[in-house]
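Undergrad:
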Amino acid sequence: MDLAQLSPAARWASVALCVLPGVAAFKLDKPAVNLPKPIASAEVIALGKALFHEKGLSNPAGQACVSCHDQSTGYTFPDSKINEQHGVAPGATAGRFGSRKPPSVAYAPFMRSGIPVYDKTAIAWVGGMFWDGRAKDARDQVHFPLFDPNEMNNQLHNVGQPQMLAKKLKSGPLAPLFIRAYGANVFSLKPEQLMDKLAEAIVAYEASPEVSPFTSKYDAYLEGKATLTPEELLGMRLTTGSLSGRPGALPFRKSAHCTDCHGLSNDLKNGPDLWTNSCYANLGVPRNNASPYFGMTDSKSNPHGYNPKGKDYIDMGLAATIYPYYGWTPRTPHGPDPLQLIGTFKAPTLRNVDKRPNDKFVKSYMHNGYFKSLYDVVHFYNARNLTDVPGELIDYTKPNPYGSLKGKPLFPPPEYLEPNTLINPTGLSLMRGAPKGGPSGAINMSDPDAMQIGNLRLSKREEDAIVAFLKCLSDGYFKR
Ligand code: HEC
Ligand code: HEC
Numbered sequence: 514m515d516l517a518q519l520s521p522a523a524r525w526a527s528v529a530l531c532v533l534p535g536v537a538a539f540k541l542d543k544p545a546v547n548l549p550k551p552i553a554s555a556e557v558i559a560l561g562k563a564l565f566h567e568k569g570l571s572n573p574a575g576q577a578c579v580s581c582h583d584q585s586t587g588y589t590f591p592d593s594k595i596n597e598q599h600g601v602a603p604g605a606t607a608g609r610f611g612s613r614k615p616p617s618v619a620y621a622p623f624m625r626s627g628i629p630v631y632d633k634t635a636i637a638w639v640g641g642m643f644w645d646g647r648a649k650d651a652r653d654q655v656h657f658p659l660f661d662p663n664e665m666n667n668q669l670h671n672v673g674q675p676q677m678l679a680k681k682l683k684s685g686p687l688a689p690l691f692i693r694a695y696g697a698n699v700f701s702l703k704p705e706q707l708m709d710k711l712a713e714a715i716v717a718y719e720a721s722p723e724v725s726p727f728t729s730k731y732d733a734y735l736e737g738k739a740t741l742t743p744e745e746l747l748g749m750r751l752t753t754g755s756l757s758g759r760p761g762a763l764p765f766r767k768s769a770h771c772t773d774c775h776g777l778s779n780d781l782k783n784g785p786d787l788w789t790n791s792c793y794a795n796l797g798v799p800r801n802n803a804s805p806y807f808g809m810t811d812s813k814s815n816p817h818g819y820n821p822k823g824k825d826y827i828d829m830g831l832a833a834t835i836y837p838y839y840g841w842t843p844r845t846p847h848g849p850d851p852l853q854l855i856g857t858f859k860a861p862t863l864r865n866v867d868k869r870p871n872d873k874f875v876k877s878y879m880h881n882g883y884f885k886s887l888y889d890v891v892h893f894y895n896a897r898n899l900t901d902v903p904g905e906l907i908d909y910t911k912p913n914p915y916g917s918l919k920g921k922p923l924f925p926p927p928e929y930l931e932p933n934t935l936i937n938p939t940g941l942s943l944m945r946g947a948p949k950g951g952p953s954g955a956i957n958m959s960d961p962d963a964m965q966i967g968n969l970r971l972s973k974r975e976e977d978a979i980v981a982f983l984k985c986l987s988d989g990y991f992k993r
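Its first residue numbered 514, the sequence shown is counted upward by one per residue in the numbering used here.
#1: Can you tell me where the alpha helix (DSSP H) holding V557 begins and where it ends?
#2: Taking all protein chains shown into account, decide if Y915 is buried (16 or more other Cβ within 10 angstroms of its Cβ) or exposed.
#3: Please report the Cβ distance between N547 and N783, rounded to the nearest whole angstrom; I am assuming they are in contact, meaning their Cβ atoms lie under 8 Å.
#4: Take P925 as the anchor and find which of R800, T834, E975, K873 has the nearest alpha-carbon.
#5: Return the chain-ordered list of same chain residues with a C-beta closer than 6 Å to the C-beta of L863, the five sequence neighbours on each side being excluded.
#6: Hey, is C774 close to ligand 1, as in C-beta under 7 Å from one of its heavy atoms?
#7: Taking Cβ positions, are G646 and Y793 nearer each other than 8 Å?
#8: Identify the continuous beta strand (DSSP E) that holds D872 and give its terminal residues.
#9: Note down the Cα distance separating W644 from K813, rounded to an integer number of angstroms.
#10: Out of curiosity, what's the CA-to-CA distance linking N663 and L906?
#11: In terms of residue numbering, what span does the beta strand (DSSP E) encompassing D632 cover?
#12: Give a yes or no on whether the C-beta atoms belonging to N933 and M964 are separated by under 8 Å.
#13: I855: beta carbon under 7 Å from a heavy atom of ligand 1?
#14: Express the C-alpha separation of A981 and F539 in angstroms, rounding to a whole number.
#15: For ligand 1, any of its heavy atoms closer than 7 Å to the Cβ of D786?
#16: Closer than 8 Å is the cut-off here; do at least three beta carbon pairs connect the region 551 to 558 with the region 647 to 654?
#17: Just verifying my parser: in three-state terms, what is the DSSP assignment at P999?
#18: Tell me the DSSP bridge mates of Y878?
#19: Quick check: does the Cβ of Y631 come within less than 7 Å of any heavy atom belonging to ligand 2?
#20: Work out the CA separation of T810 and P821 for me, nearest whole Å.
#21: Which term fits N666, buried or exposed, when burial requires 16 or more other beta carbons within 10 angstroms of its beta carbon?
#22: May I ask whether a heavy atom of ligand 2 can be found less than 7 Å away from the beta carbon of F858?
#23: Sort A619, D867, P903, N871 by Cα distance to R890 and report the nearest one.
#24: Roughly how many angstroms lie between the CA atoms of G818 and D661, to the nearest whole one?
#25: Could you say which of I979, R974, D872, D977 lies nearest to S593 if we only look at CA atoms?
#26: Assign N596 to one of two classes, buried (16 or more other C-beta atoms within 10 Å of its C-beta) or exposed (fewer than that).
#27: Report whether the distance from the Cβ of Q584 to the nearest heavy atom of ligand 1 is below 7 Å.
#28: Quick one: complete alpha helix (DSSP H) runs, 4+ long, within the region 611 to 683?
#29: Distance, Cα to Cα, A635 vs D773?
#30: Determine the contact status of K568 and A574, defining contact as a CB-CB distance below 8 Å.
#31: Relative to the C-alpha of L983, which residue among L687, E745, A563, K683 is closest?
#32: DSSP three-state label for T740, please.
#33: If you measure between the beta carbons of Y929 and I835, is that distance less than 8 Å?
#34: CB-CB under 6 Å to M999, same chain, minus the five flanking residues each way: which ones, in chain order?
#35: Can you tell me which residues form a DSSP beta bridge with C792?
#36: Of all the options D908, L751, V902, which has the alpha carbon lying nearest to the alpha carbon of L1071?
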């Protein structure tokens, strides 16, 4: 990548809109959703499913992919208590936790692949797997949790041990499934090659209709099989800013700009909506003080997965993935941040964000699991820059944004407070005072409330409508 060429646009990478060009309005009377075709044989998918659930693969045994990505919660962490108390997930080794919340694995194989790159059309960094994009696609991704010391831990001296896994696979209960999927000679493959087969099978399962079925009420609605309630319809219009809910259609009177980043496809013939543009942003999510990761400072018991910074740890996000390509190591948040990527995270899919086994079940949200309900998430988007004094705005571009406030901020400070990175730091409309060439160009200029986050001026009723609509994105509403 040529840095000089990137700079002016990349300055805006993190405040980007991720808006892709609009296409003609969608007509409801013509269901036109093209479902993805199966990407592997039934045998490979069956193997992938068994691998996803196999608890003998971790070190020590007891943890599988499903332990952190369960269907009942839309393939995120299935323990309500841990979600509520900590927000992040424990690993196979007792006492170890990761620093991030497990995102959903559903639909991951369909997301934009490749190590994140700057996309001039979207005015954003896009692509990759994980909150920081460090895996180039779903297949590449599978290798990480298997070897991560704070997850399935198949490593020795900080080096992943494919042969450790290959041995377990060959002598384990899944050996016959491997042979059925890949032939009698599969175990004469090198351990690394066997890992590739394992990854291929798991991704085939992730892409299969069992994990990624596209059976939400929203899908039923698009296909003319369901009607949204008036509240859900209002929610859809606010979420998308569009009267029909499709990109490029007539604008609705207000927009919460959600689909700027959690995007929809312009043409459903290309496949159903994924509800993510795989783009990156620093929303200013508060630090999650309840994360056990802050206390994981013991280098003796966990030499490769411990947290050397202790309570000063700040998640670098996309910077940790991209900067090594330039030879920069963003060791501290106040070190070099030339592309303003520190603290930016991937916008996850909104599919299944509400899915939970029962109403009392608590899910955690965002990269660090700080938020515990969708109401809190939507309220945060609406009011991040507000205090309890009506009309007062927090301006994060000031050296001390909290210095002269009369009221109490509605939310704790951002985990990484850097105005250049933070989306819409002033909480004002992006149209006012935004430099030329900035993201304001991509926004609908006729919308007086054009701003992405911080001060959306949504009423409580409108916030509730957005949540009601997000519930329509849970799979299992109908059968195909
Ligand atoms: C200990 C809990 C845990 C286990 C076990 C686990 N994961 Fe994850 N998974 C996570 C966390 C946490 C993240 C986010 C990590 C990050 O962004 O750095 C994640 C991220 C992912 C993603 C990225 C999704 C996206 O949109 O970027 C996929 C796909 C995934 N995991 C699949 C798997 C598979 C397949 C397995 C089994 C081989 C697995 N996970 C095992 C916790 C876990
Ligand atoms: C500027 C881009 C952007 C806009 C606009 C945006 N989001 Fe997000 N969204 C993100 C990013 C980035 C994350 C992850 C941030 C993090 O973890 O720090 C996220 C995370 C979320 C999550 C958490 C999902 C999970 O699995 O933990 C939800 C829910 C969500 N957004 C809903 C919404 C809704 C509803 C709107 C509109 C009111 C919206 N988003 C607008 C970029 C955006």
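No residue lacks a Cβ here, since even glycine has one placed at the ideal position from N, Cα and C.
TA: Per the coordinate set shown:
#1: Counting from one through the sequence shown, the residue named residue 557 turns up at place 44. Start and end: 555 to 566.
#2: Within the sequence shown, numbered from 1, the residue matching residue 915 stands at position 402. By the 10 Å Cβ count, Y915 comes out exposed.
#3: As a working mapping, residue 547 is identified with position 34 in the sequence shown. As a working mapping, residue 783 is identified with position 270 in the sequence shown. Right, their Cβ atoms sit about 7 Å apart.
#4: Within the sequence shown, the letter at position 412 stands for residue 925. Comparing Cα-Cα distances from P925 to each of R800, T834, E975, K873, the minimum goes to R800.
#5: Your numbering for residue 863 matches position 350 in the sequence shown. Hits under 6 Å: H775, W788, L986.
#6: Here the question's residue 774 lines up with position 261 in the sequence shown. The answer is no for C774.
#7: Locating residue 646 in the sequence shown gives position 133, counting from the first residue. Locating residue 793 in the sequence shown gives position 280, counting from the first residue. In contact: G646 and Y793 (Cβ atoms closer than 8 Å).
#8: Mapped onto the sequence shown, residue 872 falls at position 359. Looking at the DSSP string, D872 is not in any beta strand (DSSP E), and its letter there is neither H nor E.
#9: Taking the first residue of the sequence shown as 1, we reach residue 644 at position 131. Taking the first residue of the sequence shown as 1, we reach residue 813 at position 300. Cα to Cα, the separation comes out at about 28 Å.
#10: On the sequence shown, residue 663 is found 150 positions in, with the first residue counted as 1. On the sequence shown, residue 906 is found 393 positions in, with the first residue counted as 1. About 40 Å.
#11: Counting from 1 along the sequence shown, the entry for residue 632 is found at position 119. 630 to 632 is the extent of the beta strand (DSSP E) around D632.
#12: Taking the sequence shown and counting its residues from 1, one reaches residue 933 at position 420. Taking the sequence shown and counting its residues from 1, one reaches residue 964 at position 451. Not a contact, by the Cβ cut-off of 8 Å.
#13: One-based indexing of the sequence shown puts residue 855 at position 342. No, the beta carbon of I855 sits no closer than 7 Å to any heavy atom of ligand 1.
#14: In the sequence shown, counting from the first residue as 1, residue 539 sits at position 26. In the sequence shown, counting from the first residue as 1, residue 981 sits at position 468. The predicted model places F539 with a pLDDT of 43, which falls under 50 and marks its position as unreliable; any figure quoted below should be read in that light. If I take the Cα positions, the gap works out to 22 Å.
#15: Translated into positions along the sequence shown, residue 786 becomes position 273. Checking the Cβ of D786 against ligand 1 gives no.
#16: no
#17: Since the first residue shown for the chain is 514 and the last is 993, residue 999 is missing from the structure and cannot be characterised.
#18: As a working mapping, residue 878 is identified with position 365 in the sequence shown. According to DSSP, Y878 bridges with F884.
#19: Taking the sequence shown and counting its residues from 1, the one referred to as residue 631 is at position 118. Checking the Cβ of Y631 against ligand 2 gives no.
#20: By 1-based counting over the sequence shown, the position of residue 821 is 308. By 1-based counting over the sequence shown, the position of residue 810 is 297. The alpha-carbon atoms of P821 and T810 are separated by roughly 6 Å.
#21: Taking the sequence shown and counting its residues from 1, one reaches residue 666 at position 153. So N666 counts as buried.
#22: If you number the sequence shown from 1, residue 858 lands on position 345. Yes, ligand 2 has a heavy atom inside 7 Å of this Cβ.
#23: In the sequence shown, counting from the first residue as 1, residue 890 sits at position 377. Sequence check: residue 890 is Val here, not Arg. Nearest C-alpha to V890: D867.
#24: Here residue 818 refers to the residue found at position 305 of the sequence shown. Here residue 661 refers to the residue found at position 148 of the sequence shown. Cα-Cα distance, rounded: 8 Å.
#25: Numbered from 1 along the sequence shown, position 80 holds the residue referred to as residue 593. Considering only alpha carbons, the answer is D872.
#26: Locating residue 596 in the sequence shown gives position 83, counting from the first residue. It counts as buried.
#27: Looking up residue 584 in the sequence shown gives position 71. Checking the Cβ of Q584 against ligand 1 gives no.
#28: 651 to 660
#29: Numbered from its first residue, the sequence shown carries residue 635 at position 122. Numbered from its first residue, the sequence shown carries residue 773 at position 260. So the two alpha carbons sit approximately 9 Å from each other.
#30: As a first step, residue 568 must be located in the sequence shown, where it is residue number 55. As a first step, residue 574 must be located in the sequence shown, where it is residue number 61. Cβ atoms of K568 and A574: closer than 8 Å.
#31: In the sequence shown, residue 983 corresponds to position 470, counting from 1. Of the candidates L687, E745, A563, K683, the one whose C-alpha sits nearest the C-alpha of L983 is E745.
#32: Here residue 740 is taken as the residue at index 227 of the sequence shown, counted from 1. In the structure shown, T740 sits in coil (DSSP, three-state: anything other than H, G, I, E or B).
#33: Along the sequence shown, read from residue 1 onward, the residue named residue 929 stands at position 416. Along the sequence shown, read from residue 1 onward, the residue named residue 835 stands at position 322. For Y929 and I835, no; Cβs fall outside 8 Å.
#34: With the chain covering only 514 through 993, there is no way to say anything about residue 999.
#35: Translated into positions along the sequence shown, residue 792 becomes position 279. Bridge partners of C792: V639.
#36: Any question about residue 1071 goes unanswered here, given that the chain covers just 514 to 993.
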